[in-house]
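The structure appears below as structure tokens.
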Amino acid sequence: MTRKTLLALPPIAPEPAEEPPVLPDHPAYQQILTVFADAAGPMRARDLCERLDLAIMPKNIESTRHKLKRLVSLGVLAEPEAGLFALHCPSNSAPPAHLTRADR
Numbered sequence: 004m005t006r007k008t009l010l011a012l013p014p015i016a017p018e019p020a021e022e023p024p025v026l027p028d029h030p031a032y033q034q035i036l037t038v039f040a041d042a043a044g045p046m047r048a049r050d051l052c053e054r055l056d057l058a059i060m061p062k063n064i065e066s067t068r069h070k071l072k073r074l075v076s077l078g079v080l081a082e083p084e085a086g087l088f089a090l091h092c093p094s095n096s097a098p099p100a101h102l103t104r105a106d107r
């Protein structure tokens, strides 16, 4: 049996940059993200339907909730509580100014 001796450690490869998630092509996803960009905080599917001028019907709310869950699975949105959705804030960045308290 033959063994090889390492004379030097191999160079450390840089971590691959995290690619942004690929969003679905449907325009509804862009509309949802536009509403969240202007929102003051987390929203529920029903609130989002109101902001998108959709009729408040169970089929519209469930369809919107499904889209929100898909954006959560892609890492674009976060679900801090069941049924409550907000823009995803990576842990290594500071939270948006509207989510911080001024009295701290």
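Numbering of the sequence shown is given in this note's numbering, commencing with residue 4 and proceeding in unit increments.
We treat Cβ as the ideally placed atom computed from N, Cα and C, and that holds for glycine.
Note that the structure is predicted; figures quoted are calculated from it, not measured.
Of the listed residues the options, nearest to residue i (C-alpha basis)
i, options, result
"Tyr32", "Gly86, Lys72 and Glu82", "Lys72"
Environment of residue i [buried if 16+ CB atoms lie within 10 Å]
i, result
"Cys52", "buried"
"Ile35", "buried"
"Lys70", "buried"
"Thr8", "exposed"
"Pro99", "Since pLDDT at Pro99 reaches only 45, below the 50 mark, its modelled position is unreliable, and the value read off the structure follows with that caveat. By the 10 Å Cβ count, Pro99 comes out exposed."
"Ala48", "buried"
Secondary structure of residue i, DSSP reduced to three states
i, result
"Pro83", "strand"
"Ala42", "coil"
"Ala31", "helix"
"Leu2", "Residue 2 is absent from the structure shown; the chain starts at 4 and stops at 107."
The region 56-63 touching the region 37-44, judged by at least three CB pairs closer than 8 Å: no
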